[in-house]
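Engineer: Questions regarding the structure given below will be posed in turn.
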C-alpha cells in the first residue's frame, strides 16, 4: 500500500527535496463516496486467515454489545472526531520533522487532507499531503474552511463506506467498528526510501485490485478449459448478459453495479450461495423445457463460481505476500540509506574541518598584515612630528611679524570703530522711525478692526431694525384685524376700552402740551372758534345727518342724545369731536379715532374727500 513505510529526512527542506519528490509516484485518489465495497470489507493484511469465519457485524459479539450500550451515537461521534484529530496531529508532526513549514502543512491539510482508503488511513492521508505539497496533485474541489469541517466530512465518508460494505449495518454499528479498528501507523522519519518502494507496491496493488474488478478475455477464457464446443461457448457468452438482465428485472436488485456491459466473471462474482444456483436451474428449466444444454449450463455456472472463489483467494494471498516483500525491501533500503547518511556525515565533517583550518590560517595572515600596517603607521607618524616641529618654528616667526603689524592694525581698528559708531547712530534713528511706522500701522490696523466691528454692529442694528419693523408691521396688521373684530363685538366692551385709551392719551397729550407752551393751546382755540362761527351752517347739516344716523340706536335716551349729538364722534359715538379736516372743513371725528382709522386712509369719513390737513380743536363743548 502507498506510504506503508517512513523515510529518513533531515530538517533542512532543500537538501533532500529531490528524494522526496521522487519518492511519491502515486497520485492520491479523489474524494469519492463510492469507494469499492471490496476495499472496505477487507481487513488489514496482518489479520489471520480464519477471520473469514468470524462475523464482522458487531452485534454478534456479546461483550461488545454490553460495552456499546453504555455510549450514545453522539459520544461515539465525539470519540471518532478525537481519533481523527490525533491522526491529523501525527501527520502534521511527521511533516514538521521533515522540514516543511507550518503554514504550508495547514494549507495542504485544508486542501488535500481527506482520506480515500480504509486500508491504512494515516498513510493514505500522508500520501495525499505530500503529493499536494510537491505539486503532483491538484484537488478538484475547493479548500475546507476549517479543521472542524474537514473532520466532519471525513468522518461522514468513513461511516458511509463502512455502511456500504455492510448493507444491513446501522450508523451506530459502523461508528463502533471505526472506533475499534486500527487506522495504521505513520512511518518513522528516519526512512527515506519507503515512499519509492511503497508507491510502487501500492501502484501494483491498485493495479491488481483493478484487474480483479475489470473482467477481460483471460477471465472469460476459463470457459475454454471446460472442454466445450466452440458453438456452445459462443452461445453461453451470448446468454449470460441476457440472463443477468432478466434476473435484474425479476429480483429487483442490481447484480453488477460498476460496469454497463457485465461479463460472466462479474456475474458469478456478484452471486453467492446455493440459493442462486437453484433459482438459476428453475429459471432455465421454465425457459427451455426441451433444451439439452440446461444441466450443462448449470454445471458450468457452479464450476465457474468455484474457480472464481479460488482465484480470488490466490490473488489475496499473492497480494499479502507482495506487501510483506515490499516491507522487507523497504527495511533493507532503510539500512542502505542509513549507511549512506553516515558516509555523508563523515564527508561533511571532513569538509567542515578543512574549512575551519582554512579560516584559522586566514585569520593568522590577517593579524600579520595588521602588525605590518601598524609599523608603517608608526614610521609615518614620526615623519609627521618632524614636519610639525618645522611648522611650529615658522609659526613663531610669523607671530613676531604679526606683533609688529599689530600697531598698524590698531590704528585701522580705531578708524573702523568711528565709522561703526556713526553707522550705529544712523541705525538707531532708522529703528526709531521704523518703530514709529510700526505703531502707526498698528493704530491703523486697530482702526480698521474698529471700523469692521462698527460695520458689523451697524449690520446687526439694521437687521434688528428690519426685524422690529417687520414685527411692527405684523403687529399693526394684527391690531387692524383685532379692531375689525372688536367692532363686531359688544358695544359696552368697545366703549370701556376706548374710554380708557382716550383718558390715557389725553393725560399724555395734556402733560406734553403744557410743558411745551400754553400759547399754542390758546391760538388753536381761537382758530377753532373762528372756524366754528364761519361754518355754523355746515355744522347744522352735520348735526342733522348724525341725528338721522343715530336715531334708532337707543329709544330710552333719544331726547338727551338729540341735544348733544352734533358734538359726538361718528365712529365711536362716545367722545366729542376735536379734529377738523381741510379742505372739506368737516368736524365729525375725535382725535383717537382719527389716529386709529382716518390717518392711515387719508380720506374724510363723511364726504370721502382727500384730507390735505387736519387740525385738532380744544374746548368746543366748553
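In the UniProt record's numbering, the protein residues as written are 1 to 622.
Backbone N, C-alpha and C define an ideal beta-carbon position, used for all residues, glycine too.
Source: prediction; values computed, not measured.
#1: Does DSSP put residue 587 in a helix, in a strand, or in coil?
#2: Assuming residue 579 and residue 616 are in contact, meaning their beta carbons sit under 8 Å apart, how far apart are those beta carbons, in whole angstroms?
#3: So, helix, strand or coil for residue 54, using DSSP?
#4: Looking at residue 618: is its Cβ nearer than 7 Å to the Cβ of residue 586?
#5: My output table needs one value for residue 141: the three-state DSSP class, helix, strand or coil.
#6: Rounding to the nearest angstrom, what Cα-Cα distance links residue 608 and residue 508 in this structure?
#7: Can residue 675 and residue 598 be called in contact, C-beta distance under 7 Å?
#8: Using the beta-carbon count (16 or more within 10 Å), is residue 652 buried or exposed?
#9: Measure the C-alpha to C-alpha separation of residue 602 and residue 456 and round it to an integer number of angstroms.
#10: From what residue to what residue does the alpha helix (DSSP H) around residue 438 run?
#11: Determine the burial state of residue 173: buried for a count of at least 16 other Cβ atoms within 10 Å of its Cβ, exposed for fewer.
#12: Hey, would you say residue 84 sits closer than 7 Å to residue 113, going by beta carbons?
#13: With H, G and I counted as helix, E and B as strand and the rest as coil, what does DSSP make of residue 134?
#14: Starting from residue 82, trace the alpha helix (DSSP H) in both directions and tell me its first and last residue.
#15: Check this for me: beta carbons of residue 627 and residue 569, under 7 Å apart or not?
#16: If we ignore side chains and look at the alpha-carbon of each, how far apart do residue 129 and residue 329 end up?
#17: Rounded to whole angstroms, what's the CA-CA distance from residue 334 to residue 100? Just pull it up for me.
#18: Run the CB neighbour count on residue 423, radius 10 Å, all protein chains shown included, and call it buried at 16 or more, exposed below.
#19: Beta carbon of residue 502, beta carbon of residue 614: below 7 Å?
#20: What are the boundary residues of the beta strand (DSSP E) that includes residue 579?
#21: Using 8 Å for Cβ pairs, my map puts residue 126 next to residue 94. What's the rounded Cβ distance?
#22: Within the continuous beta strand (DSSP E) that includes residue 157, where are the two ends?
#23: In angstroms with no decimal places, state the Cα-to-Cα distance between residue 403 and residue 366.
#24: Taking DSSP's pairing of strands, which residues face residue 616 in a bridge?
#25: Check whether the Cβ atoms of residue 139 and residue 111 lie closer than 7 Å to each other.
#26: Buried or exposed: which applies to residue 581, given that a residue is buried once 16 or more other Cβ atoms fall within 10 Å of its Cβ?
#27: Whose C-beta lies closer than 6 Å to the C-beta of residue 224 among residues of the same chain, with five residues either side of it excluded?
Structural biologist: The relevant details are as follows:
#1: To locate residue 587, count along the chain shown from 1; it is residue 587. Residue state, collapsed to three classes: coil.
#2: As a working mapping, residue 579 is identified with position 579 in the chain shown. As a working mapping, residue 616 is identified with position 616 in the chain shown. The beta-carbon separation of residue 579 and residue 616, rounded to 6 Å, stays under the 8 Å limit for a contact.
#3: To locate residue 54, count along the chain shown from 1; it is residue 54. Unreliable placement is indicated for residue 54, whose pLDDT of 37 sits below 50; the coordinate value is still reported in the next sentence. Residue 54 falls in the coil class under three-state DSSP.
#4: For the purposes of this step, residue 618 is taken as the residue at position 618 of the chain shown. For the purposes of this step, residue 586 is taken as the residue at position 586 of the chain shown. No, Cβ-Cβ distance for residue 618 and residue 586 is not below 7 Å.
#5: Position 141 of the chain shown, counting from 1, holds the residue named residue 141. It is coil, neither helix nor strand.
#6: By 1-based counting over the chain shown, the position of residue 608 is 608. By 1-based counting over the chain shown, the position of residue 508 is 508. Each residue's alpha carbon lies about 31 Å from the other.
#7: Residue 675 falls outside the range modelled here, since the chain spans only 1 to 622, and no answer is possible.
#8: Given that the chain is displayed from residue 1 to residue 622, the structure contains no residue 652 and the question cannot be resolved.
#9: Within the chain shown, the letter at position 602 stands for residue 602. Within the chain shown, the letter at position 456 stands for residue 456. Whole-angstrom Cα-Cα distance: 39 Å.
#10: Taking the first residue of the chain shown as 1, we reach residue 438 at position 438. In the DSSP assignment, residue 438 falls within the unbroken alpha helix (DSSP H) covering 406-488.
#11: To locate residue 173, count along the chain shown from 1; it is residue 173. By the neighbour-count definition (other C-beta atoms within 10 Å, threshold 16), residue 173 is a buried residue.
#12: Working through the chain shown from its first residue, we reach residue 84 at position 84. Working through the chain shown from its first residue, we reach residue 113 at position 113. Result no, Cβ atoms of residue 84 and residue 113 do not sit closer than 7 Å.
#13: Here residue 134 corresponds to residue number 134 of the chain shown, with the count starting at 1. If DSSP states are grouped into helix, strand and coil, residue 134 belongs with coil.
#14: Along the chain shown, one-based indexing puts residue 82 at 82. For residue 82, the enclosing alpha helix (DSSP H) covers residues 73-98.
#15: Nothing can be reported for residue 627, as the shown portion of the chain is limited to 1 through 622.
#16: The residue given as residue 129 occupies position 129 in the chain shown. The residue given as residue 329 occupies position 329 in the chain shown. Taking the straight line from one Cα to the other gives about 24 Å.
#17: The residue labelled residue 334 in the question sits at position 334 within the chain shown. The residue labelled residue 100 in the question sits at position 100 within the chain shown. Between the alpha carbons of residue 334 and residue 100 lies a distance of about 21 Å.
#18: Along the chain shown, read from residue 1 onward, the residue named residue 423 stands at position 423. Residue 423 counts as exposed, since fewer than 16 other beta carbons sit within 10 angstroms of its beta carbon.
#19: As a working mapping, residue 502 is identified with position 502 in the chain shown. As a working mapping, residue 614 is identified with position 614 in the chain shown. No; because the gap between Cβ atoms is not below 7 Å, this pair is not in contact.
#20: As a position in the chain shown, residue 579 is number 579, starting the count at 1. Unbroken beta strand (DSSP E) run through residue 579: 579-582.
#21: Translated into positions along the chain shown, residue 126 becomes position 126. Translated into positions along the chain shown, residue 94 becomes position 94. Their Cβ separation, rounded to whole angstroms, is 7 Å, which keeps residue 126 and residue 94 in contact under 8 Å.
#22: As a first step, residue 157 is located in the chain shown; it is residue number 157 there, counting from the start. Element bounds for residue 157: not the beta strand (DSSP E) but the alpha helix (DSSP H), 147-165.
#23: Reading the chain shown from its first residue, position 403 is the one you call residue 403. Reading the chain shown from its first residue, position 366 is the one you call residue 366. Going from the Cα of residue 403 to the Cα of residue 366 covers about 54 Å.
#24: As a position in the chain shown, residue 616 is number 616, starting the count at 1. Looking at the DSSP assignment, residue 616 forms a beta bridge with 579.
#25: Here residue 139 corresponds to residue number 139 of the chain shown, with the count starting at 1. Here residue 111 corresponds to residue number 111 of the chain shown, with the count starting at 1. Against a cut-off of 7 Å, the Cβ pair of residue 111 and residue 139 comes out as a contact.
#26: The residue you call residue 581 lines up with position 581 of the chain shown. Taking all protein chains shown into account, residue 581 has 16 or more neighbouring C-beta atoms within 10 Å of its C-beta and is therefore buried.
#27: As a position in the chain shown, residue 224 is number 224, starting the count at 1. In this predicted model, residue 224 has a pLDDT of only 41, less than 50, meaning its place in the structure is not dependable; the value taken from the coordinates is given anyway. A distance below 6 Å between beta-carbons, with the five flanking residues on each side excluded, links residue 224 to no residue of its chain.
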